[in-house]
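Only one structure is covered here, and it is reproduced in the block below.
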Amino acid sequence: MAFRVKPLSGADANNLRSLVHVNYDETSPAGSYRERPFTCPDGVTAIVIELENVQLAGGDSSTERFLLQVLDASGITQVSSQSFTPGSAAALVATSPIALTAGAEYRVRLVCNSTGQSSFLCGRLRVRPVSATVEFWLKPFTRLDADPTVLHGNMGPAYPTVATYAKDPRFASHTQLAYLELRTTAAEIYAQYCNTIASVSGNRGQPSVFIDQRPLDPPLQPAGNTTSYVRAALPSQPLARKNVRVFSGPQMSPVYPNMTDNHGNHLCAVYVPSGDDTEVVPGPAPRPVVPYGDSKTAGFWSLSAGRDSITFLLRDRGIPVVSFAAGGGTLHAETGSTLSVDACLPLARKLVECLPSKIIVGIGRNDFNSSKFAPSDLITQLNNLLLAIHQVAPSITVELLTWTREVTETDRGGVSWAAMRASFLGLATGKPWVSVLDAARYWTQAEAGAFTSDTVHPNDRGQELVSSAIAGDEFPWTPKRLSSLFAYYSAEGRLGGSSLIGTVTAYGTSPPSITVSGAAVMACRVRVEVNTGGTPGGAMKISYSFNAGRQRIRQNVAVPSNGVVELAPLGVSVTFSSATYNNLHAYEFNTCVAQWYDLSGNGNHMAVPAGNNAYSPEFNLSSSAFGKRPALAFTPTRRLRLTGISLAAPYTLFLVGRCASQASVRAFFGRTEVGSGLVFYANTPTLVAINDEASQINATVNATLPHCYILEVNGASSKIIVDGVSLPLTPNSTLSNKTLTGLSIGSDAIENWGLDSDVMEAGVCSGVLSQDEIDAIVARARHRYRLP
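Residue numbers (my numbering): 1 to 788.
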């Protein structure tokens, strides 16, 4: 954070120029600064920075030193840093000469808290060439932020999801080629861009500036993988205001598998000279979200005194809201008892009159609990409301919000709350404009006391989960909240690396080969690109990133004459041949997984057998079968195992995965040695089975499709649950309840039945899960991995 400045705090000796009070409250964070972009003029190779009228403020007897610095355009590399201590008399503070490169971009920075808080009065900051007899001042610029709410051609403000990556999360909701529109008399502007693409190879599109509907030529060229300032000179039109559109660059680059990553050139801000006449033309008003429901949908009984915390939580995320939710609300009060679409039309017209982006329907709980409608009639009237909304405004989407869990849920008319929630889910069938937010799965029945304030209404913690789901975040429940969790593994968790490297894929025209060697410290997807063409030891430079830029980016790394570049801190090296590489050559490869760390906190980590990295499954950044999420890609010869445990039956296993073929036996879970537990495998086009050496149960499943499997090992009450459905078992449901002393994923060590596709996550629980815990696992899997 920058230090605070108090203007009009003094005057120079001639009373001709006002002074500002820098860091007047002396509360600036360590290293806080203010800076200005600066282009070193042609022919200038050394400059001096000057700060005029530096003096202690009235009443101050002393203060700490401040710094005048010059940094490169990225703001990372420091070119010069010189310190000064203000005195009681006004003085012109000047640095010693600083060598610069003519024509290059720099940042001039004033730092007021380096060794301690520095507080003082000063006038203007200026820069002059060492050999110049006249000074030239850094023009004061006004920063205009490219907030999503003022951008044109933008998707509107949206809260970035956990899966969305950007170096600055403010830009996660920027649509490509959105623009900031100005009317200004300025002769120049500076556009600040944040480039999040782990590549600058080739011409993948550049941001541009339009003046009175005509593009400036050439387009702007911000630096890659960093924040940079780009100057645009505007055509001279004395005293006339020009219409200027400053565009964000292209995003969602096709070289990356996850379009949601929103990589690209993001417009951060536009700087215009303060003395010019400038007006920001606002973007179109964003369409709001309209919640309709009762006290739960409004946000009762949280710390929000207005009992409407859902609205404020959404607005805090940048989402405009017009709420029609109120305490005690019922559908019956709005529509009456007549069951028809016509009876719902007045309510529908009210909900759509502000042209919402979507409507959240969270009504019905009070109707059911107070018997305003019979249960079946309530579902009928909710369906009528959905049809009425679609009739009035066919383009608006609706999200049904199911009732959150309560401590006590009493049946009404012989119908359970679970049955009513299931009927809610069925209302979306055949209606492409309707989707369901299954809030009943955001916490389980056992957790209801922890997530409600009065056993009924969600507390602050509960309402955070509901609002985050409405905002489009990840599914708010996680298996890590299972009280009986013994071990939990996720392909998006911590993955220990291996010396086994996947196949290298090369891009570009006739790319020369590369060789990858070493043991990776983590499993990931690696991309290596040639930024500057040439040969090793010459001008050749590369960039590399892990996991599509989401981890560890290095830019413009010189390739030495031996061709070996260590990809720090990954632990592997790439060797380039003596051939000539060009800047359109790129290479991608996966490292493999030698350890799958337990996320339950119990330390039950999986590892390759006997430390043999040849068993390591390959990391897959984007599994096409599972919603483009990361996975572990197994082949029949690769497996991970857990040993040294003792888990008595009953216990439960769960896994999200598939096999590519059932022509051979494919084991999802397996034994580490004879008698260590069980094997869960697929065989023939329709069979899955659990075998514990003493007994076996079978079920009919096409295991080549993505599924969420839940296996209950519980003697004569054992179950195979697939995507939430407990399947019929043959010959019966009896297993011998063998104690689990070891477990493999991806293979059975005794029969060597190996898996041939992806596993997303897996877990082990002691005991048998409750139905709502099972429902939560399945609901999360459907949401996260796009399962049926």
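By construction, the Cβ of each residue, glycine as well, lies at the ideal position given by its N, Cα and C atoms.
### Task
Report, in whole angstroms, the separation of the C-beta atoms of I360 and P291, which I expect to be a contact under 8 Å.
Right, the Cβ-Cβ distance comes to about 4 Å (below 8 Å), so this counts as a contact.
### Query
Quick check: the stretch 309–319 against the stretch 377–397, are there 3 or more CB pairs under 8 Å?
no
### Query
Using the C-alpha atoms, what's the distance from A523 back to V79?
37 Å
### Query
Is the beta carbon of G123 sitting closer than 9 Å to the one on V20?
Yes. Within cutoff.
### Q391, enclosing alpha helix (DSSP H) - first and last residue
P375 to V392
### Task
Could you tell me if C354 is buried or exposed, where buried requires 16 or more neighbouring beta carbons within 10 angstroms of its beta carbon?
exposed
### Query
Ordered along the chain, which non-local residues of its own chain (more than five positions away) have a Cβ less than 6 Å from that of P685?
Q662
### Query
Which residue comes first and which comes last in the alpha helix (DSSP H) that contains E334?
L331 to T335
#### Entry: Burial state of N612 (16 or more Cβ within 10 Å)
exposed
### Task
Output the boundary residues of the beta strand (DSSP E) element that contains P630.
Looking at the DSSP string, the run of the beta strand (DSSP E) that includes P630 is R629 to A633.
### Task
Report the option in F451, S757 and L401 whose CA atom is closest to the CA atom of R421.
The closest CA to that of R421, considering only F451, S757 and L401, is found on L401.
#### Entry: Where the beta strand (DSSP E) containing F626 begins and where it ends
Neither: F626 is in no beta strand (DSSP E) and is coded neither H nor E.
### Message
Please classify L705 as buried or exposed, where buried requires at least 16 neighbouring CB atoms within 10 angstroms.
### Response
When all chains shown are included, L705 counts as exposed.
### Query
Exposed or buried, what is K296 when buried is set at 16 or more other beta-carbons lying within 10 Å of its beta-carbon?
buried
### Message
Going by DSSP, what residue range makes up the alpha helix (DSSP H) through N366?
### Response
R365 to N369
### Query
What runs of the beta strand (DSSP E), each 3 residues or longer, lie entirely inside the stretch 620–703?
629–633, 640–647, 651–657, 666–670, 679–683, 687–691 and 696–700
### Query
Counting Cβ pairs closer than 8 Å, one from the stretch 505–525 and one from the stretch 578–589, do we hit at least three?
yes
### Query
Distance, Cα to Cα, A233 vs P37?
15 Å
### Message
Looking at E35: is its Cβ nearer than 9 Å to the Cβ of L110?
### Response
yes
### Query
Quick one: what's got a C-beta closer than 7 Å to S726's C-beta in the same chain, skipping five residues either side?
So the qualifying residues of the chain are K719.
### Message
Please classify L787 as buried or exposed, where buried requires at least 16 other C-beta atoms within 10 Å of its C-beta.
### Response
buried
### Message
If I measure Cβ to Cβ from V415 and keep anything under 6 Å in the same chain, skipping five residues before and after, which residues do I get?
### Response
P375
### Query
Going by the CB atoms, is the gap between S371 and R412 shorter than 9 Å?
In this structure, R412 lies near S371, with their beta-carbon atoms less than 9 Å apart.
### Task
Thinking C112 and Q192 are a contact (beta carbons under 8 Å), I'd like their distance in whole angstroms, please.
That pair is no contact at about 22 Å.
### Task
Give the DSSP bridge partners of G742, in chain order.
According to DSSP, G742 bridges with T643.
### Task
To the nearest angstrom, report how far apart N732 and A703 are at their CA atoms.
21 Å
#### Entry: CA nearest to the CA of A388, picked from L351, A418 and C344
C344
### Query
For the putative contact between A348 and P273, defined by C-beta atoms under 8 Å, what is the C-beta separation to the nearest angstrom?
About 51 Å separates the two Cβ atoms, so there is no contact after all.
### Task
Might you give, ordered along the chain, the residues of its own chain that have their beta carbon closer than 7 Å to the beta carbon of S490, omitting 5 neighbours on each side?
Once the five neighbours on either side are set aside, the close Cβ partners of S490 are L599 and E761.
### Query
Which residue's Cα is closest to the Cα of A333: G318, F368 and P356?
F368
### Presumed contact (8 Å Cβ cut-off) between Y581 and G533, rounded CB distance
6 Å
### Query
Looking at F654 and I710, is the spacing between their C-beta atoms short of 9 Å?
yes
#### Entry: Reference L495; option with closest CA among R4, R183 and F619
F619
### Task
Go ahead and pull the three-state DSSP assignment for D145.
The answer is strand: DSSP assigns D145 an E or B state.
### Message
Using DSSP's beta-bridge definition, name the partner residues of R214.
### Response
I211
### Task
Can you give me the Cβ contacts of A716 inside the same chain, cut-off strictly under 7 Å, excluding the 5 residues immediately before and after it?
S733 and T734
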